[in-house]
Amino acid sequence: MRLYYFTTQQYGIMALQNRRLKIARIKDLNDPFELLGWNLRGRETRERLKKWKSERNDEFGILCMSHKWSHPLLWAHYAEKHKGMALGFDVPESDVFLKIKYCRRRVAAPAGRNLVERDLDGLLLTKFTAWKYETEYRCFCSLKGSIRDGEHFFEPFSDTLKLKEVIVGDQATISRQGLADALGAFGDGIVSFKARPAFGSFRVVRNRDSKLWK
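FYI, this note's numbering numbers position 129 of the sequence shown as 783, with every residue one higher than the one before it.
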């Protein structure tokens, strides 16, 4: 399965040079409803779930990826307004990367019983339908097993996170040679090209005029 990691040009180059992706921390995610998808009108449920979310933040982080790279909002929101890049990875068709479920309404919190795995899966993998354009898959990474660099955690490229593609944003300034330098010897077999807004639809597509990317 091919998934895409959107990032700025600066951090994309660093990811390629260091062969690793930055793991997002739960407390830093841009959706305030992350892991809080239940109806939380009850104070006790609210406090219990906020405590659970805080504890999970200390234990693991998330790699957030998209199944598509053609949606313009992905480039606008996560790739520095089309100045960044999308890194395409082949990942296993397994439970390593899990598909997000999008819903219109918050679901009722379970009452009168202990939480079971199904409840937790619902919290971890449910987002409001407005985020549906992301076609998101996510991988939960144990912070203990990740690479730490200062305050940040990283997941290395591997056989289960195999770089296959680099799509450069329409407004990115990196040159072909600059990208080749960032990839180094690792670049053999990696497909790279520049994107552009489509002429006849609201999509981002491959720019097939290679002369426009020097």
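Each residue gets a CB set at the ideal place from its N, CA and C atoms; glycine is no exception.
For the 7 Å CB-CB criterion, residue 834 and residue 841 form a contact.
Nearest C-alpha to residue 856 among 811, 725 and 656: 725. About 6 Å separates the beta carbons of residue 844 and residue 820, which is inside the 8 Å limit, making them a contact pair. Ranked by how close their Cα comes to the Cα of residue 761, the residues 780, 813, 861 and 708 have 780 in first place. In the DSSP assignment, residue 806 forms a beta bridge with 803. Between residue 719 and residue 657, the C-beta gap is smaller than 7 Å, which places the two residues in contact.
Annotation: residue 811 to residue 697 spans about 42 Å, alpha carbon to alpha carbon.
If you look at residue 837, you'll find it in the alpha helix (DSSP H) that goes 830-837.
Listed in chain order, the beta strand (DSSP E) elements of length 3 or more contained wholly in the stretch 659-706 are 674-676. In this structure residue 756 touches residue 786 by the C-beta definition: roughly 4 Å separates them, less than 8 Å.
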